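First the structure, in the form of structure tokens, and then the observations on it.
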Amino acid sequence: MAYGGSGHAFLINIHEVLCPSSPYVWKYDGLYPALRNLGIEMTDLGFYHTGTPADERAVVEARLQSHLDSGNPCSLANMEHQVIYGYDDGQFFTAQPWPANKKFPPATLSFGDWTEFGKEVHVNFFTFGKLEKKDDLSIFRESLRYGVDLFRSPDKYQFDKYAVGFKAYDNWAAAAKEHGGSHGNWWNATVWSECRSRASEYLAEMARNLEGDGQKLAQGLTKEYADIAGQLSKIADKEMPADDKAALARELKQKEEAAIAKVEQLAGLLG
Numbered sequence: 018m019a020y021g022g023s024g025h026a027f028l029i030n031i032h033e034v035l036c037p038s039s040p041y042v043w044k045y046d047g048l049y050p051a052l053r054n055l056g057i058e059m060t061d062l063g064f065y066h067t068g069t070p071a072d073e074r075a076v077v078e079a080r081l082q083s084h085l086d087s088g089n090p091c092s093l094a095n096m097e098h099q100v101i102y103g104y105d106d107g108q109f110f111t112a113q114p115w116p117a118n119k120k121f122p123p124a125t126l127s128f129g130d131w132t133e134f135g136k137e138v139h140v141n142f143f144t145f146g147k148l149e150k151k152d153d154l155s156i157f158r159e160s161l162r163y164g165v166d167l168f169r170s171p172d173k174y175q176f177d178k179y180a181v182g183f184k185a186y187d188n189w190a191a192a193a194k195e196h197g198g199s200h201g202n203w204w205n206a207t208v209w210s211e212c213r214s215r216a217s218e219y220l221a222e223m224a225r226n227l228e229g230d231g232q233k234l235a236q237g238l239t240k241e242y243a244d245i246a247g248q249l250s251k252i253a254d255k256e257m258p259a260d261d262k263a264a265l266a267r268e269l270k271q272k273e274e275a276a277i278a279k280v281e282q283l284a285g286l287l288g
């Protein structure tokens, strides 16, 4: 429900050289209202960089501390998403999402100098709060509409040199020859395959709550997204020939086009 209800299960974003930043660098505008439907208020406290003055750093640190004092989590996105779950006199405590890697991302963030980020800082901070969750039908309908909009109006969600939606597969196919063996190729395939797997599970949950044509559409999409997920995971293989990766990316674009048309139809049936 977190992946699907937020619409994130339907996102795909690919940089023109398959940069591993692709899963992070997109415009979150459509995500926030979808999260509110789930009962989560996510607030962006802004972007900070190496040149951000000390007084501005102190202001955002104080906001984070105040939110944590109220019992609510915070997070940051700097090369990776991390929950900020507490602090002491000199630092924030940040969750490390990769148990096997204790060095990255860092487990703390020192006040003032943010030394754990190293010489290059490019970070957003977020706060989270609780809202009243909408009913399931509203969540289903609005998340599908957002998922469709990611493909029908990608300019609203993408930055320069990145492509959201169908063109993401064009970028992938074009970059496969030079960058198909890169870490970025592997990471993008891993992330977007996982999203499609969660889309499949979300649609299966939806099917259990629908009847008639809506149920049939959701059941069919469950299988289609599971197939797309499986094919995307194959592209992660560094040994797969570049031409095969490019061909598979073009094939997946067609499958995604067919799936999104049905998602659009399903959203229409829901009101």
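The sequence shown begins at 18 in this note's numbering and counts up by one.
Beta carbons are placed, not taken as given, at the ideal position from N, Cα and C, and that holds for glycine.
Treat the numbers as computed from the prediction; the structure is a model and nothing was measured.
Counting along the chain, where does the alpha helix (DSSP H) carrying residue i start and finish?
i      : result
Glu58  : Taken as a continuous stretch (DSSP letters only), Glu58 belongs to no alpha helix (DSSP H), being part of the beta strand (DSSP E) at 57 to 66.
Ala19  : 19 to 22
Ala79  : 71 to 86
Ala26  : Premise fails: Ala26 is in no alpha helix (DSSP H) and is neither H nor E.
Lys151 : Counting along the chain, Lys151 falls outside any alpha helix (DSSP H), and DSSP gives it neither H nor E.
Gly285 : 259 to 286
Tyr49  : 48 to 54
Just tell me which of the options has its CA closest to the CA of residue i.
i      : options                        : result
Cys36  : Glu256, Ala216, Asn205         : Asn205
Lys279 : Met257, Ala246, Asp230         : Asp230
Val77  : Asn89, Gly63, Asp86, Gly68     : Gly63
Pro70  : Glu195, Arg53, Phe128          : Phe128
Glu137 : Val208, Gly47, Gly68, Ile57    : Gly68
Arg213 : Gln99, Asp261, Leu238          : Leu238
Gln113 : Ile101, Asp177, His200         : Ile101
Asn115 : Gln108, Ala124, Phe109, Glu33  : Checking the sequence, you will find Trp at residue 115 rather than Asn. Looking at the Cα atoms, Ala124 is the closest of the given residues.
Leu265 : Ser170, Pro171, Asp187         : Asp187
Asn30  : Met257, Phe183, Asp261         : Phe183
Gln232 : Thr207, Ile252, Asn202, Leu154 : Leu154
Lys150 : Ile252, Glu58, Ala190          : Glu58
Tyr5   : Arg53, Tyr45, Asp86, Leu93     : Residue numbering for the chain in the displayed model covers 18 to 288; residue 5 lies beyond these limits and cannot be assessed.
Ile245 : Glu222, Ala263, Ala216, Pro258 : Ala216
Asp166 : Ser38, Ala51, Leu55, Asp177    : Ala51
Leu283 : Ala259, Met223, Ser170, Arg267 : Met223
Gln271 : Ala185, Ser39, Arg158, Pro90   : Ala185
Thr111 : Cys91, Asp152, Arg74, Tyr163   : Cys91
Tyr163 : Leu28, Thr207, Ala193          : Leu28
Asp130 : Tyr65, Gln175, Asp152, Pro122  : Tyr65
Which residue marks the beginning of the beta strand (DSSP E) containing residue i, and which one marks its end?
i     : result
Ile31 : 30 to 32
Which one or two residues does DSSP pair with residue i in a beta bridge?
i     : result
Gln99 : Leu93
Report the CB separation of residue i from residue j in whole angstroms; it is logged as a contact under 8 Å.
i      : j      : result
Ser160 : Gly24  : 5 Å
Thr144 : His98  : At roughly 14 Å, the Cβ-Cβ gap does not stay under 8 Å, so Thr144 and His98 are not in contact.
Glu269 : Leu249 : Note that residue 269 is Leu in the sequence shown, not Glu. Confirmed, Cβ separation roughly 7 Å.
Gly88  : Leu55  : Their Cβ separation, rounded to whole angstroms, is 19 Å, which puts Gly88 and Leu55 out of contact at 8 Å.
Gln179 : Val42  : It should be noted that the sequence gives Tyr, not Gln, for residue 179. Tyr179 to Val42, Cβ: 6 Å. Contact.
Under 7 Å from any heavy atom of the ligand FMN, does the C-beta of residue i make it?
i      : result
Ala185 : As presented, the structure is devoid of all ligands, the ligand FMN included, so that no description of it is given.
Any beta strand (DSSP E) of 3 or more consecutive residues that is wholly inside the stretch 104 to 146: Counting only runs of 3 or more residues that sit fully inside the stretch 104 to 146, the beta strand (DSSP E) segments are 108 to 111, 125 to 127, in chain order.
Check: What residue ranges within the stretch 158 to 229 form continuous alpha helix (DSSP H) runs of no fewer than 4 residues, ordered along the chain?
Finding: The stretch 158 to 229 contains these whole alpha helix (DSSP H) runs: 183 to 196, 200 to 225.
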